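Colleague: Have a look at the structure that comes next, please.
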Amino acid sequence: MHPSQLLETLPCLASLLVAISYLGLCRINPFARCRVCRGSGRARRQFGRVSRACRRCDGTGLRVRAGTRAINRAARLYRDGTN
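When we follow our numbering, the leftmost residue of the sequence shown carries the number 38, and every step to the right adds one.
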């Protein structure tokens, strides 16, 4: 293999490694902290100090990662296609 071809394929392999490691992380830990309430489950109102349950995470403080959604969608398509 010519050195220039190796340099051309290196970014592709690196991005593939990053994608696979992210999907592995999503399988191990499918939830992340909510960005709106920062994982507390309570969001402050625009005016005043009164807080309410976060609308984004329904007060749980957790959100489903995008990679987990992709894994679940692929599993659902496979399951529906084989039945």
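Cβ coordinates follow ideal geometry from the N, Cα and C atoms, glycine included.
If you're wondering where the values come from, they're calculated on a predicted model, not measured in any experiment.
Can the beta-carbon of Arg19 be found closer than 8 Å to that of Arg82?
Modeller: With the chain covering only 38 through 120, there is no way to say anything about residue 19.
Colleague: With distances taken from CA atoms, which of Ala80, Ser77, Gly61, Asn66 is nearest Val101?
Modeller: The residue given as residue 101 occupies position 64 in the sequence shown. Of the listed residues, the one whose Cα sits closest to Val101 is Asn66.
Colleague: Tell me whether the beta-carbon of Gly96 lies closer than 8 Å to the beta-carbon of Gly78.
Modeller: Taking the sequence shown and counting its residues from 1, the one referred to as residue 96 is at position 59. Taking the sequence shown and counting its residues from 1, the one referred to as residue 78 is at position 41. A contact, by the Cβ cut-off of 8 Å.
Colleague: Quick one: Cα of Ile57 to Cα of Val87, how far?
Modeller: Taking the sequence shown and counting its residues from 1, one reaches residue 57 at position 20. Taking the sequence shown and counting its residues from 1, one reaches residue 87 at position 50. The alpha-carbon atoms of Ile57 and Val87 are separated by roughly 42 Å.
Colleague: What separation, rounded to the nearest whole angstrom, lies between the Cα atoms of Leu46 and Leu54?
Modeller: Position 9 of the sequence shown holds residue 46. Position 17 of the sequence shown holds residue 54. The sequence shown places Thr at residue 46, rather than the Leu named in the question. The alpha-carbon atoms of Thr46 and Leu54 are separated by roughly 12 Å.
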